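Data block below; observations after.
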Amino acid sequence: MMRTLWNTLLGAIVATALLSTAASAQELTVMTSGGFTAAFERLAPQYSKQAGVKVTTLRGPSMGETPQAIPNRLARGEHADVVIMVGSALQKLIDAGLVDPASRVELADSRIGMVVRSGAPKPKIDSVDHFKQALLHADSVAYSDSASGVYIETTLFKQLHIEGPMMAKSKKIPRIPVGSVVADGSYQLGFQQVAELLPVAGVEFVGKIPETLQSITRYAAGVPVNAEHPEAAKRLLAYLQSGDAQAVARQTGLDPVSP
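Numbering-wise, the sequence shown is residues 1 to 259 according to full-length UniProt numbering.
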């Protein structure tokens, strides 16, 4: 009788372990950065329903010194099955041995746009000259601490020969959406990737900066080498390249790229 009881107990323990393993295999942890976040927040529930997989989303910038930045999270040993981020930053993680190079997929391109506070006058930015004048006449300017802001601060101002006056009245904004500090009146003009500006309440989208001045940011995704569910992660990446996913990306201000 004791032997029968022991076998029953052992069977229950094994069954519980198998169920736990099966359940965990149906959970994916995804780290996504600003420019692709709006699209992924719409895509994750759709994929979860379609594939029967629970998706946990962690948000953070592609670069920078904040603890939430994806490279810093991975460096601390935080777990992720998929990372979605600026392509150049993803490549650095691949070069550092943190992301599987064979897993990289290209998702979308993102352009820089400008916002003003809701109800404020919208300056013309349809030409390089109009855009330059809008910058010079602004009382204050804010931009992100990620790829678009780095470009504005280190390249765009210099290209327009207005680095001196602009740096005196500009601020790089970490962690939070640039639109939020324009919405509360702290800054007159805000610059960030279009997909990061559109969801912010209290601002009006003026438009993309002139194409000849654009810095196009590529978003890509990959599977970290410590992913718990690499095969399930690759299936999610395939979905993110599908036509349905590309349509959602386009609606959120991104320009999808073909697989």
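Cβ coordinates follow ideal geometry from the N, Cα and C atoms, glycine included.
Note that the structure is predicted; figures quoted are calculated from it, not measured.
Beyond the five residues adjoining it in sequence on each side, residue 214 comes within less than 8 Å, by CB distance, of 111, 112 and 208 in the same chain, given in chain order.
Residue 69 is positioned such that its CB atom lies closer than 7 Å to that of residue 60.
Here DSSP, grouped into helix, strand and coil, assigns residue 252 to coil. According to DSSP, residue pairing for residue 224 in a beta bridge involves 99. In this structure, the alpha-carbon of residue 259 lies about 11 Å from that of residue 220. By alpha-carbon distance to residue 107, the top candidate from 29, 206 and 33 is 33. In this structure, the alpha-carbon of residue 252 lies about 31 Å from that of residue 77. Around the C-beta of residue 62, 16 or more other C-beta atoms lie within 10 Å, and the residue is accordingly described as buried. In this chain, the alpha helix (DSSP H) harbouring residue 37 covers 34-51. Between the alpha carbons of residue 114 and residue 121 lies a gap of roughly 13 Å.
Each residue's CA atom was taken as its position, placing residue 74 and residue 80 some 8 Å apart. Remark: C-beta atoms of residue 245 and residue 239 approach each other more closely than 7 Å. C-alpha of residue 29 to C-alpha of residue 99: approximately 14 Å in a straight line. Membership of residue 180 in the alpha helix (DSSP H) is indicated by the continuous run 178-183.
Where residue 204 is concerned, the enclosing beta strand (DSSP E) starts and stops at 203-208. By the Cβ-count criterion, residue 231 is exposed, with fewer than 16 other Cβ atoms from all chains shown falling within 10 Å of its own Cβ. The Cβ neighbour count for residue 103, taken over all protein chains shown within 10 Å, is at least 16; the residue is labelled buried.
Between residue 148 and residue 188, the CB-CB gap reaches or exceeds 7 Å. In this structure, residue 142 lies away from residue 116, with their beta-carbon atoms at least 7 Å apart. Looking at 31, 163, 153 and 46, the one whose alpha-carbon comes closest to that of residue 242 is 46. When 133, 64, 182 and 37 are compared, the shortest CA-CA separation from residue 160 is found for 133.
By DSSP's assignment, residue 166 forms no beta bridge with any residue. Spanning the alpha carbons of residue 65 and residue 26 requires a straight line of approximately 32 Å. Annotated three-state conformation of residue 142 is strand, per DSSP. The beta carbons of residue 126 and residue 255 sit no closer together than 7 Å.
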